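Notes follow the structure.
Number of protein chains: 2
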Amino acid sequence: MRLLEERIRKDGEAVNETVLKVGSFINHQVDSAFMDALGRDFAQHFAGKGITKVFTIESSGIAPALMAAKHLNVPMVILKKQTSKILEGNVYQTRVMSFTKGTSYELTLFADYIGKDDRVLLIDDFLANGEAAMGAARLISQAGASLEGIGILIEKSFQKGRSRLEEAGYHVYSQARVARLAEGVIEFLPEDGTDTGE
Amino acid sequence: MRLLEERIRKDGEAVNETVLKVGSFINHQVDSAFMDALGRDFAQHFAGKGITKVFTIESSGIAPALMAAKHLNVPMVILKKQTSKILEGNVYQTRVMSFTKGTSYELTLFADYIGKDDRVLLIDDFLANGEAAMGAARLISQAGASLEGIGILIEKSFQKGRSRLEEAGYHVYSQARVARLAEGVIEFLPEDGTDTGE
């Protein structure tokens, strides 16, 4: 999606080989009209998949997920990052490593908000090594529901996340695919290549 | 706003005298179309105030704040809860007690996302004792900007938050005002009374 790539070129800041700051319009200050347009694009891309719920992982995926859910006219469900296992209540949990922070957490989904017939679209802001998305996929699988697609704002294509998700059989659509980062340098993949043939 | 009160009667769950669960449509699973309508109501209420930015506190205020920002056609800024003071960078910070959790955090606003000319609308999901909103008001004041209004989904009118904010001179608009909670009991104020005469 050229719209997001153009905005990243204009307002993003490449700090080093791995860190891309988009706090001025994506995940700290949010351009609400732009986010609405990105949500509409996700909804258009996944139209016809029979999506019943949009899932995201707190907290920076909430804005794009909410806009995608609105355009698909379905609910949005927030997966929580808990520091420990919840022993009471009907929940699905799985441990996820956060390589960025060197910590781990229990990704948590309340059973009330998913059913076997649900067809889920997962939305997140960044895709790097795919740990969080793989965790979400495990929870959805545990619940007996199906993960129909994964929508990402910014994919770090030089990391292994996309290939891990595709090898696991998931359809990934990223609105911006970053091929390389360096201080002051942001390069995208030559064409969007986000349609994996489906 | 009767729309939200009706929905709380239908789908909210009063656990005891202080806890009202709205996880099925507000802050865990989010009814995206309903949240869009609540955002539109905030935008209509604060139209004419010259709002330039909508602020919220991570993470359960993000959904209503984003929808309000979209309808006002302004950016949304997320105030972060940090565990410690940030010593580098240009930030405003203030300590906020969380009575619910018995902890405190540094409410943090990056200076890049506020200017002296900004006219801010603060949106949050719950108003109880007003600690978080008072903290946000201090940050906005530190930055030399003006807090033009505070929009709340659910006010616990039996707690002191609203009176604290009004005594400090702020205009508070709550879409649902809960007079009393008990296990299985939810009572609202007799009329919405949310217009404080402005």
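Residue numbers (this note's numbering), protein chains in the order written: chain W, -2 to 195; chain U, -2 to 195. We put the CB at the ideal spot given by N, CA and C, even for glycine. The structure presented is a predicted model; accordingly, all values stated were derived computationally and were not measured.
Task: Reduced DSSP secondary structure (H/G/I, E/B, other) of residue 83(W) - done: In the first sequence, residue 83(W) corresponds to position 86, counting from 1. Correct three-state label for residue 83(W): coil.
Open item on the list: Determine, for residue 72(W), whether the minimum Cβ-Cβ distance to residues of chain U falls below 7 Å.
Closed with: Working through the first sequence from its first residue, we reach residue 72(W) at position 75. Yes, residue 72(W) counts as interfacial toward chain U.
Task: Same chain only: Cβ atoms within 7 Å of residue 68(U), ignoring 5 sequence neighbours per side - done: For the purposes of this step, residue 68(U) is identified with residue 71 of the second sequence, where counting begins at 1. Answer for residue 68(U): 36, 37, 40, listed in chain order.
Task: Backbone secondary structure at residue 94(U) - three-state DSSP - done: Taking the first residue of the second sequence as position 1, residue 94(U) is located at position 97. Residue 94(U) falls in the strand class under three-state DSSP.
Task: Inter-residue Cα distance where the pair is residue 204(W) and residue 179(U) - done: The question about residue 204(W) has no answer here: the residues shown for chain W are numbered -2 through 195.
TODO: Go ahead and pull the three-state DSSP assignment for residue 28(U).
DONE: Within the second sequence, the letter at position 31 stands for residue 28(U). Three-state DSSP puts residue 28(U) in coil, outside helix and strand.
Open item on the list: Check whether the stretch 75 to 84 of chain W and the stretch 97 to 109 of chain W touch, using three or more Cβ-Cβ pairs below 8 Å as the test.
Closed with: The stretch 75 to 84 of chain W is in contact with the stretch 97 to 109 of chain W.
Task: Among 95(W), 137(W), 186(W), 8(W), the one whose alpha carbon lies nearest that of residue 167(W) - done: Numbered from its first residue, the first sequence carries residue 167(W) at position 170. Taking only the C-alpha atoms, the option nearest residue 167(W) is 137(W).
Open item on the list: Measuring only the C-alpha atoms, how far is residue 120(U) from residue 62(U)?
Closed with: The count along the second sequence starts at 1 and reaches residue 120(U) at position 123. The count along the second sequence starts at 1 and reaches residue 62(U) at position 65. Each residue's alpha carbon lies about 5 Å from the other.
Task: Residues, ordered as in the chain, of the stretch 7 to 26 of chain W that lie near chain U by beta-carbon distance below 9 Å - done: 20, 21, 22, 24, 25, 26
Task: Per-residue contacts from residue 55(U) into chain W (C-beta, under 7 Å) - done: For the purposes of this step, residue 55(U) is taken as residue 58 along the second sequence, with counting starting at 1. Neighbours of residue 55(U) on chain W, chain order: 56.
- [ ] Go ahead and label residue 171(U) buried or exposed: buried means 16 or more other beta carbons lie within 10 angstroms of its beta carbon, across all protein chains shown.
- [x] Taking the first residue of the second sequence as 1, we reach residue 171(U) at position 174. Flag for residue 171(U) reads buried.
TODO: Would you give the residue range spanned by the beta strand (DSSP E) that residue 199(U) belongs to?
DONE: No information on residue 199(U) is available, as it lies outside the stretch -2 to 195 that chain U covers here.
- [ ] Take the Cβ of residue 160(U) as the centre, count every other Cβ of all protein chains shown within 10 Å, and call the residue buried at 16 or more, exposed below.
- [x] By 1-based counting over the second sequence, the position of residue 160(U) is 163. Burial call: exposed.
Open item on the list: Strictly below 7 Å CB to CB, what residues from chain A border residue 94(U)?
Closed with: Protein chains in the displayed structure are W and U, and chain A is not among them.
Task: Residue interval of the beta strand (DSSP E) (run including residue 171(W)) - done: Residue mapping note: residue 171(W) aligns to position 174 of the first sequence, counting from 1. Counting along the chain, the beta strand (DSSP E) containing residue 171(W) begins and ends at 169 to 179.
TODO: Report yes if the C-beta distance between residue 34(U) and residue 51(U) is below 7 Å; otherwise report no.
DONE: Taking the second sequence and counting its residues from 1, the one referred to as residue 34(U) is at position 37. Taking the second sequence and counting its residues from 1, the one referred to as residue 51(U) is at position 54. It is not a contact, given that the beta carbons lie outside the stated cut-off.
Task: chain U contact residues for residue 110(W), given Cβ-Cβ distances below 9 Å - done: Within the first sequence, numbered from 1, the residue matching residue 110(W) stands at position 113. Residues of chain U passing the Cβ test: 20, 21, 25, 26.
Open item on the list: Does any residue of chain W have a CB that is nearer than 7 Å to the CB of residue 98(U)?
Closed with: For the purposes of this step, residue 98(U) is taken as the residue at position 101 of the second sequence. False, the Cβ-Cβ gap to chain W never drops below 7 Å.
- [ ] Taking only beta-carbon positions, decide if residue 151(W) is within less than 7 Å of chain U.
- [x] Counted from its first residue, the first sequence places residue 151(W) at position 154. With its beta carbon at least 7 Å from every one in chain U, residue 151(W) lies outside the interface.
Task: Nearest-angstrom Cβ-Cβ length linking residue 142(U) and residue 76(U), presumed shorter than 8 Å - done: Taking the second sequence and counting its residues from 1, the one referred to as residue 142(U) is at position 145. Taking the second sequence and counting its residues from 1, the one referred to as residue 76(U) is at position 79. At roughly 13 Å, the Cβ-Cβ gap does not stay under 8 Å, so residue 142(U) and residue 76(U) are not in contact.
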